[in-house]
Amino acid sequence: MYSVVIVLIVLAAVLMCLIVLIQESKGGGLAAGFSNLNTMGGVRKTTDFVEKATWGLAIAMVVLSIAAAYLVPVQRSNGSVLENAPVQTTTPALPNPTQKADAAAPAAAPTAPAAPAAEAPAAAN
515 MYSVVIVLIV LAAVLMCLIV LIQESKGGGL AAGFSNLNTM GGVRKTTDFV
565 EKATWGLAIA MVVLSIAAAY LVPVQRSNGS VLENAPVQTT TPALPNPTQK
615 ADAAAPAAAP TAPAAPAAEA PAAAN
(Lines of atoms letter the chains of each structure in order from A and count residues from 1; the text may use other names and numbers.)
(Lines give C-alpha, C1' and ligand atoms only; values in the text may rest on other atoms or scores of the structure.)
Protein backbone atom coordinates (compact mmCIF):
# COMPACT_ATOMS: atom_id res chain seq x y z
CA MET A 1 0.00 0.00 0.00
CA TYR A 2 2.91 2.30 0.80
CA SER A 3 4.34 1.81 -2.69
CA VAL A 4 1.01 2.74 -4.28
CA VAL A 5 0.88 5.97 -2.28
CA ILE A 6 4.44 6.85 -3.29
CA VAL A 7 3.63 6.24 -6.97
CA LEU A 8 0.56 8.49 -6.65
CA ILE A 9 2.69 11.23 -5.07
CA VAL A 10 5.21 11.05 -7.93
CA LEU A 11 2.40 11.12 -10.50
CA ALA A 12 0.80 14.15 -8.81
CA ALA A 13 4.17 15.91 -8.72
CA VAL A 14 4.76 15.36 -12.44
CA LEU A 15 1.25 16.59 -13.28
CA MET A 16 1.78 19.59 -11.01
CA CYS A 17 4.94 20.50 -12.96
CA LEU A 18 3.05 20.30 -16.24
CA ILE A 19 0.11 22.35 -14.93
CA VAL A 20 2.41 25.05 -13.57
CA LEU A 21 4.14 25.31 -16.95
CA ILE A 22 0.79 25.68 -18.70
CA GLN A 23 -0.47 28.38 -16.32
CA GLU A 24 -0.55 31.91 -17.57
CA SER A 25 1.92 34.02 -15.73
CA LYS A 26 2.20 37.80 -15.75
CA GLY A 27 4.30 37.57 -18.89
CA GLY A 28 1.95 35.33 -20.90
CA GLY A 29 3.16 31.77 -20.20
CA LEU A 30 2.50 28.65 -22.22
CA ALA A 31 -1.28 29.00 -21.88
CA ALA A 32 -1.27 31.34 -24.88
CA GLY A 33 -0.26 28.42 -27.10
CA PHE A 34 -3.43 26.49 -26.31
CA SER A 35 -5.67 28.56 -28.54
CA ASN A 36 -8.04 25.66 -29.27
CA LEU A 37 -9.01 25.41 -25.62
CA ASN A 38 -9.40 29.16 -25.39
CA THR A 39 -11.81 29.30 -28.34
CA MET A 40 -13.87 26.28 -27.26
CA GLY A 41 -14.28 27.05 -23.58
CA GLY A 42 -13.36 30.68 -23.41
CA VAL A 43 -10.27 32.20 -21.88
CA ARG A 44 -11.76 32.50 -18.43
CA LYS A 45 -12.87 28.85 -18.29
CA THR A 46 -9.42 27.65 -19.32
CA THR A 47 -7.71 29.62 -16.59
CA ASP A 48 -10.32 28.47 -14.08
CA PHE A 49 -9.63 24.83 -14.99
CA VAL A 50 -5.86 25.26 -14.73
CA GLU A 51 -6.17 27.02 -11.38
CA LYS A 52 -8.52 24.36 -10.00
CA ALA A 53 -6.22 21.61 -11.26
CA THR A 54 -3.27 23.26 -9.51
CA TRP A 55 -5.13 23.51 -6.22
CA GLY A 56 -6.46 19.96 -6.54
CA LEU A 57 -3.02 18.50 -7.20
CA ALA A 58 -1.50 20.50 -4.33
CA ILE A 59 -4.15 19.24 -1.92
CA ALA A 60 -3.74 15.68 -3.23
CA MET A 61 0.02 15.84 -2.68
CA VAL A 62 -0.43 17.02 0.92
CA VAL A 63 -3.01 14.33 1.71
CA LEU A 64 -0.95 11.60 0.05
CA SER A 65 2.18 12.72 1.91
CA ILE A 66 0.38 12.49 5.24
CA ALA A 67 -0.99 9.07 4.28
CA ALA A 68 2.52 7.92 3.33
CA ALA A 69 3.82 9.01 6.73
CA TYR A 70 1.26 6.77 8.43
CA LEU A 71 1.77 3.85 6.06
CA VAL A 72 5.56 3.76 6.15
CA PRO A 73 6.70 0.22 6.99
CA VAL A 74 8.34 -0.11 10.39
CA GLN A 75 10.28 -2.97 11.87
CA ARG A 76 8.75 -3.98 15.17
CA SER A 77 10.67 -5.79 17.89
CA ASN A 78 9.84 -6.90 21.41
CA GLY A 79 13.05 -5.70 23.07
CA SER A 80 14.58 -2.32 23.55
CA VAL A 81 17.22 -0.82 21.32
CA LEU A 82 19.88 -1.34 23.97
CA GLU A 83 19.07 -5.04 24.27
CA ASN A 84 19.46 -5.49 20.53
CA ALA A 85 22.79 -3.64 20.34
CA PRO A 86 25.66 -5.73 18.96
CA VAL A 87 28.07 -7.09 21.55
CA GLN A 88 31.77 -6.85 20.81
CA THR A 89 33.75 -9.88 21.81
CA THR A 90 37.46 -10.48 21.56
CA THR A 91 38.66 -13.67 19.97
CA PRO A 92 42.06 -15.21 20.68
CA ALA A 93 44.60 -14.78 17.93
CA LEU A 94 44.93 -17.92 15.84
CA PRO A 95 48.37 -19.18 14.91
CA ASN A 96 49.57 -18.54 11.40
CA PRO A 97 48.89 -21.77 9.42
CA THR A 98 51.95 -21.24 7.20
CA GLN A 99 54.35 -21.50 10.15
CA LYS A 100 55.17 -24.97 11.41
CA ALA A 101 55.50 -25.22 15.13
CA ASP A 102 57.81 -27.79 16.70
CA ALA A 103 55.58 -30.12 18.71
CA ALA A 104 58.34 -31.03 21.16
CA ALA A 105 59.37 -27.44 21.90
CA PRO A 106 57.34 -25.63 24.52
CA ALA A 107 55.56 -22.53 23.41
CA ALA A 108 57.70 -19.52 24.09
CA ALA A 109 56.14 -16.55 25.75
CA PRO A 110 56.11 -13.47 23.56
CA THR A 111 58.91 -11.12 24.44
CA ALA A 112 59.01 -7.37 24.27
CA PRO A 113 61.44 -5.87 21.79
CA ALA A 114 64.84 -5.17 23.30
CA ALA A 115 65.63 -1.62 24.23
CA PRO A 116 68.62 -0.09 22.45
CA ALA A 117 71.84 -0.37 24.39
CA ALA A 118 73.06 2.76 26.07
CA GLU A 119 76.41 4.05 24.89
CA ALA A 120 79.12 3.57 27.44
CA PRO A 121 82.04 5.97 27.62
CA ALA A 122 85.25 4.65 26.10
CA ALA A 123 87.78 3.27 28.55
CA ALA A 124 90.98 5.28 28.95
CA ASN A 125 94.28 3.41 28.31
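Numbering (my numbering), first residue to last: 515 to 639.
Glycine included, each C-beta is placed from N, C-alpha and C at the ideal position.
So the candidates are the options; which of them puts its Cα closest to the Cα of residue i?
| i | options | result |
| --- | --- | --- |
| Gly570 | Tyr584, Ala583, Met530 and Glu633 | Met530 |
| Phe563 | Ile536, Val577 and Ile580 | Ile536 |
| Ile523 | Val576, Thr561 and Ile533 | Val576 |
Which of helix, strand or coil does DSSP assign to residue i?
| i | result |
| --- | --- |
| Gly593 | coil |
| Thr561 | helix |
| Val577 | helix |
| Thr582 | The amino acid at residue 582 is misidentified as Thr; the sequence shows Ala. Reduced to three states, the DSSP call for Ala582 is helix. |
| Met530 | helix |
| Thr604 | coil |
| Val588 | coil |
| Ala599 | coil |
Between residue i and residue j, what straight-line distance do the alpha-carbon atoms span, to the nearest angstrom?
| i | j | result |
| --- | --- | --- |
| Ala567 | Gln589 | 38 Å |
| Gly593 | Thr604 | 25 Å |
| Leu525 | Glu565 | 18 Å |
| Thr561 | Val521 | 28 Å |
| Ile533 | Pro587 | 32 Å |
| Ser579 | Val595 | 28 Å |
| Ile573 | Gln602 | 50 Å |
| Glu633 | Ala599 | 54 Å |
Given residue i, which residues of its chain have a CB within under 6 Å of its CB, disregarding the five upstream and five downstream residues?
| i | result |
| --- | --- |
| Val518 | none |
| Glu597 | none |
Return the chain-ordered list of same chain residues with a C-beta closer than 7 Å to the C-beta of residue i, the five sequence neighbours on each side being excluded.
| i | result |
| --- | --- |
| Leu585 | Met515, Tyr516 and Val519 |
| Ala527 | Met575 |
So, at 8 Å on beta carbons, what are the nonlocal neighbours of residue i in its own chain, with the 5 sequence-adjacent residues on each side left out?
| i | result |
| --- | --- |
| Ala582 | Tyr516, Val519, Ile520 and Ile523 |
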